[in-house]
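Number of protein chains: 2
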Amino acid sequence: MDLLPLADGPTPERSDAARNREALLRAAQELVDHCGTDGVTMDAVAARAGVGKGTVFRRFDSREGLMAALLDRSETAWQAEVISGPPPLGPGAPALDRLLAFGHSRMELNLRHARLIEAAGRAGARSYAAESFAAMHMRYLLNELGVRGDIALLAAALLSPLEAIILVQQTQREQLPLDRVRDGWDDLVRRVIRED
Amino acid sequence: MDLLPLADGPTPERSDAARNREALLRAAQELVDHCGTDGVTMDAVAARAGVGKGTVFRRFDSREGLMAALLDRSETAWQAEVISGPPPLGPGAPALDRLLAFGHSRMELNLRHARLIEAAGRAGARSYAAESFAAMHMRYLLNELGVRGDIALLAAALLSPLEAIILVQQTQREQLPLDRVRDGWDDLVRRVIRED
DNA sequence: GGCTGAAACGGACCGTAGTCCGTTTTTATT
DNA sequence: AATAAAAACGGACTACGGTCCGTTTCAGCC
Numbered sequence: 001m002d003l004l005p006l007a008d009g010p011t012p013e014r015s016d017a018a019r020n021r022e023a024l025l026r027a028a029q030e031l032v033d034h035c036g037t038d039g040v041t042m043d044a045v046a047a048r049a050g051v052g053k054g055t056v057f058r059r060f061d062s063r064e065g066l067m068a069a070l071l072d073r074s075e076t077a078w079q080a081e082v083i084s085g086p087p088p089l090g091p092g093a094p095a096l097d098r099l100l101a102f103g104h105s106r107m108e109l110n111l112r113h114a115r116l117i118e119a120a121g122r123a124g125a126r127s128y129a130a131e132s133f134a135a136m137h138m139r140y141l142l143n144e145l146g147v148r149g150d151i152a153l154l155a156a157a158l159l160s161p162l163e164a165i166i167l168v169q170q171t172q173r174e175q176l177p178l179d180r181v182r183d184g185w186d187d188l189v190r191r192v193i194r195e196d
Numbered sequence: 197m198d199l200l201p202l203a204d205g206p207t208p209e210r211s212d213a214a215r216n217r218e219a220l221l222r223a224a225q226e227l228v229d230h231c232g233t234d235g236v237t238m239d240a241v242a243a244r245a246g247v248g249k250g251t252v253f254r255r256f257d258s259r260e261g262l263m264a265a266l267l268d269r270s271e272t273a274w275q276a277e278v279i280s281g282p283p284p285l286g287p288g289a290p291a292l293d294r295l296l297a298f299g300h301s302r303m304e305l306n307l308r309h310a311r312l313i314e315a316a317g318r319a320g321a322r323s324y325a326a327e328s329f330a331a332m333h334m335r336y337l338l339n340e341l342g343v344r345g346d347i348a349l350l351a352a353a354l355l356s357p358l359e360a361i362i363l364v365q366q367t368q369r370e371q372l373p374l375d376r377v378r379d380g381w382d383d384l385v386r387r388v389i390r391e392d
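As you go down the protein sequences, you meet chains Y and P in turn. In terms of this note's numbering, the first sequence is residues 1 to 196. In terms of this note's numbering, the second sequence is residues 197 to 392.
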């Protein structure tokens, strides 16, 4: 028999490629921290990582892809909290409490990374995609609550107002206090899930 | 006494400026029609309108601003329908019927202009801004329905799922039938407005 | 170690958004 | 009609995202 592993998916990354990916992410993060999102030019990232510009594009496809990769780190950490962190965000609390905590937490996360999310454009569309973790978890919680109806669309409806672009509009341009926005979302949730 | 008119706002536009604005909008629209949104480069628009590139930026600030100006025309037509068109979108129908018609109509509009809206970026943020016509009308209808609570936020919550970026995700990437998305929104509305 | 093919690299190059400033046009005034 | 200030114009110029392709490096095999 041969030693080919059974479908290990796409070819594993070559060592220099992996090294450069790390260096590039590092460099990009540092640029975000020191110079803000606008300071993250592809040339600057390449230079700081000590590689050629072509390499940046080879690894991340586009500036948006690079931004999305940056986002992905905090997204992963957040997912871990939802899956196995302390309640009420993590498991152990009643479903409604978890749902509200989920929304509040998502709200904070999206606001904190608003500029990065914007810069990631469509590549940063990680909330509202049905296959996204956030959408799946939202559907799960709605199910737990015994909500009837088109769960997928209800989940999307509850996630939409948590999108960074909406929250920035409300809290920054319209100067609504975050508390009020949060309470408004809670109210929305209660209206959506209540029985007749 | 002097003849200064009482605050006629910002200086009126000079004749050549007005002429060029028209020519530019025309040129941009033609480029959208013939070459798609991507074909609308600032150089192409300037060339087709027979003016210099600097003029395009002077009139519209940025590519996003130009796209937003294009959008503004259909937006205005739509507003006219809502304000004075035939029911149920226009006045004369029961508030709930108007609200549902409003959502369906907005959904179609946003989907039809999805690419333009994306290209307009933040300048195309005409739906979810509280001062926007759509938000104001939504608040008005919710009031008519006697809905209690934070009307401004409820309006935003009902408008968010109608954003082009969400609808494109649902109908194109996830291949949900438009009917289903529409029904989902109707369901959301009924849940939100119903009394306890 | 040496070979080989595939993968990765790098940086010159291209297209486009946006800026800048010297020149031209408009409009109000006399 | 002449004049002058303000506004608008135009196109060369810059910076950045993205591509291309000749060169280099890696990994598996003898």
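Even glycine gets a Cβ: it sits at the ideal position worked out from N, Cα and C.
Report, in whole angstroms, the separation of the C-beta atoms of residue i and residue j, which I expect to be a contact under 8 Å.
| i | j | result |
| --- | --- | --- |
| A291(P) | L337(P) | 6 Å |
| A155(Y) | A129(Y) | 11 Å between Cβ atoms; not a contact. |
| Q365(P) | A125(Y) | 7 Å |
| G380(P) | D150(Y) | 5 Å |
In terms of alpha-carbon separation, which member of the options lies closest to residue i?
| i | options | result |
| --- | --- | --- |
| G121(Y) | P87(Y), T37(Y) and A27(Y) | T37(Y) |
| E131(Y) | R335(P), H309(P), R369(P) and M303(P) | R369(P) |
| A28(Y) | A44(Y), A17(Y), A114(Y) and A18(Y) | A44(Y) |
| M42(Y) | A152(Y), K53(Y) and H34(Y) | K53(Y) |
| L70(Y) | T11(Y), D33(Y), T55(Y) and V181(Y) | D33(Y) |
| H104(Y) | V189(Y), A46(Y), I193(Y) and G39(Y) | V189(Y) |
| A319(P) | E260(P), L372(P), G281(P) and R376(P) | E260(P) |
| C231(P) | P208(P), E209(P) and R311(P) | R311(P) |
| D186(Y) | L262(P), A353(P) and D382(P) | A353(P) |
| P282(P) | R269(P), F298(P) and D268(P) | F298(P) |
| M138(Y) | R73(Y), S15(Y), I83(Y) and D61(Y) | I83(Y) |
Excluding the 5 residues flanking residue i on each side, which residues of the same chain have their C-beta closer than 8 Å to its C-beta?
| i | result |
| --- | --- |
| N110(Y) | I117, S127, L162, E163, A164 and L167 |
| S356(P) | Y324 and I362 |
| V377(P) | M303, L363, Q366 and T367 |
| S62(Y) | A123 |
Taking 6 Å as the limit between beta carbons, can you name the residues of its chain near residue i, skipping five residues before and five after?
| i | result |
| --- | --- |
| D293(P) | P284 |
| A245(P) | A219, L220 and A223 |
So what's residue i in DSSP terms, helix, strand or just coil?
| i | result |
| --- | --- |
| P287(P) | strand |
| Q275(P) | helix |
| E327(P) | coil |
| R201(Y) | The shown model of chain Y, from 1 to 196, leaves out residue 201(Y), and the question about it has no answer. |
| T171(Y) | helix |
| L103(Y) | Here the sequence assigns Gly to residue 103(Y), which means Leu is not the residue at that position. Helix, per DSSP. |
| V388(P) | helix |
| T237(P) | coil |
| S211(P) | helix |
| V343(P) | coil |
| L292(P) | helix |
| P161(Y) | helix |
| G320(P) | helix |
| V51(Y) | coil |
| L176(Y) | coil |
| D61(Y) | coil |
Is it right to say residue i is buried, meaning 16 or more other beta carbons lie within 10 angstroms of its own, or is it exposed?
| i | result |
| --- | --- |
| N199(Y) | Residue 199(Y) lies beyond the range of chain Y shown here (1 to 196); nothing can be said about it. |
| E75(Y) | buried |
| R191(Y) | buried |
| G202(Y) | There is simply no residue 202(Y) to check, as chain Y begins at 1 and stops at 196 in what is shown. |
| A242(P) | buried |
| R308(P) | exposed |
| I389(P) | buried |
| R59(Y) | buried |
Please list, in chain order, all residues of the same chain as residue i whose beta carbon is under 7 Å from its beta carbon, the five residues on each side excluded.
| i | result |
| --- | --- |
| Q79(Y) | F133 |
| V236(P) | A224, L227 and V228 |
| A68(Y) | A120, A123 and G124 |
| A18(Y) | none |
| A348(P) | A326 and R335 |
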